[in-house]
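Q: Sharing a structure, written as structure tokens. Questions coming.
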């Protein structure tokens, strides 16, 4: 959980983002508690003990040509989703959604804030999600994209290192 998020953290994050620093927020790290609105200003969308569920997620990729999600159309994971997020969805580029309460809800997104790049990814509750090479590749690409690396695939060889997958 992001228990350290507070107004003082916002000042530090603002300074970092003004320098062009990239951010990658996975799962519960985007919980802003009472300061969720302030966090969402900096990362696009945030949770404030928002709605959630555990179970099968069918991610539908809305930007299959974005460097992070290139080649992805759908991805099924068993994880936790959040929705009813704080923030203005029109400020982010939604990369993938899942169907929650009959609505397509953002689960992956990107945002530019000045020279800073932000990648948000809600799936990541269970350790087995991190064993999925397809999920890993998205996260690795997101890290490279947020860091402004010209080749977001430069970390791809790590997608299977130590992964517990069935042959």
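Residue numbers (this note's numbering): 21 to 187. We put the beta carbon where it would ideally sit given N, CA and C, even for glycine. Just so you know, these numbers come straight off a predicted model, no measurement behind them.
Pull up the DSSP beta-bridge partners for residue 123, would you.
A: According to DSSP, which records beta bridges pairwise, residue 123 is partnered with 120.
Q: Three or more C-beta pairs under 8 Å: does that hold for the segment 126-145 against the segment 162-172?
A: Yes, the segment 126-145 is in contact with the segment 162-172.
Q: What whole-angstrom Cβ distance do residue 82 and residue 119 have, given they're in contact under 8 Å?
A: Wrong, their Cβ atoms sit about 13 Å apart, outside the cutoff.
Q: When you compare only the Cα positions, how much space is there between residue 155 and residue 25?
A: Between residue 155 and residue 25, the C-alpha separation is close to 26 Å.
Q: Taking the alpha carbon of residue 54 as the reference point, which residue from 91, 79 and 22 has its own alpha carbon closest?
A: Residue 54 has its Cα closest to that of 22, out of 91, 79 and 22.
Q: Name, in chain order, the residues that DSSP records as bridge partners for residue 71.
A: According to DSSP, residue 71 bridges with 103.
Q: Could you give the first and the last residue of the continuous alpha helix (DSSP H) run that contains residue 162?
A: Note, residue 162: alpha helix (DSSP H), 153-166.
Q: Report yes if the C-beta distance between residue 73 and residue 101 is below 8 Å; otherwise report no.
A: Yes, they are a contact pair.
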